Amino acid sequence: SFSLYLWTWWRLCWRKTRQEAARRRREPERRAVESVTNRRAAALAGVVAGLIATVFQLGLWAAAAVPLPQTLYRDARLTVAIVLGSAALTPPDSFDWTVMVVASAVHFALSIVYGLVFCTLLARLSPRRSGLWGALFGLLLFFLNLYGMTAFFPWFAVARDWITAAAHVVFGVTLALAYPLPARPGR
């Protein structure tokens, strides 16, 4: 009877230990999948925010009677010059497929990077105030991009205006709201 008790106890402990070891082996795998999912959600939120902020900026330009196609082409050339250098600024502000494709690629690549950065920060902040954090992040990006980065890309100084600031704030708020709550770690 005592040997039966020991055998049962040993078997239960061994099974529990085996199950615990299997769970521990799966734990890093689960965390890696969760991390990839969070990164994917953050990148998608960045793309969505970049798209909505662009549409918002176009709407503000139209409402403020800013010469719309020329300003869009100018900003596209400013963005392309990040990759191709200041030589991309010399052609007139007219439509060019190459410029628009490269500018869109740079715009959305930066939107994804900003989405990854912000959503990493957002995971540590209060989700109830995510819109406020997003607005502050957008404002920070405005100052970083249009004041800080002009040390490297001085041609961006021409784009400093209230419309660009508002578009950056909309980017941040949209980013905060587009990042789904289930994808946030610890929620």
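Just so you know, our numbering puts 692 at position 3 of the sequence shown, and the rest follows in order with no gaps.
C-beta atoms are modelled at their ideal positions from N, C-alpha and C, and glycine is treated no differently.
Given the structure is predicted, the values throughout are model-derived calculations rather than measurements.
Terminal residues of the alpha helix (DSSP H) in which residue i lies
| i | result |
| --- | --- |
| V862 | 851 to 867 |
Close beta carbons around residue i, own chain, < 6 angstroms, minus the five adjacent residues each side
| i | result |
| --- | --- |
| V769 | A777, V788, V791, A792 |
| V737 | A867 |
| H857 | G827, L830, F831 |
Cβ-Cβ separation, residue j to residue i (assumed contact under 8 angstroms), whole Å
| i | j | result |
| --- | --- | --- |
| S775 | W844 | 7 angstroms |
| G827 | G861 | 3 angstroms |
| A734 | C808 | 6 angstroms |
| I852 | A753 | 6 angstroms |
| L749 | A855 | 6 angstroms |
| S800 | G739 | 3 angstroms |
Same chain, Cβ closer than 7 angstroms to residue i, five either side skipped, listed in chain order
| i | result |
| --- | --- |
| V772 | V791, V795 |
| T839 | F845, A846 |
| A848 | D764, L767, L835 |
8 angstroms CB neighbourhood of residue i in its chain, flanking five on each side removed
| i | result |
| --- | --- |
| L757 | L747, W750, A751 |
**Item:** Whole runs of the alpha helix (DSSP H) within the segment 725 to 792, excluding any shorter than 4 residues
**Value:** The qualifying runs are 757 to 773.
**Message:** Runs of 3 residues minimum, wholly inside the segment 812 to 845: which ones carry the beta strand (DSSP E) assignment?
**Reply:** Runs of beta strand (DSSP E) with 3 or more residues, each lying fully within the segment 812 to 845, are absent.
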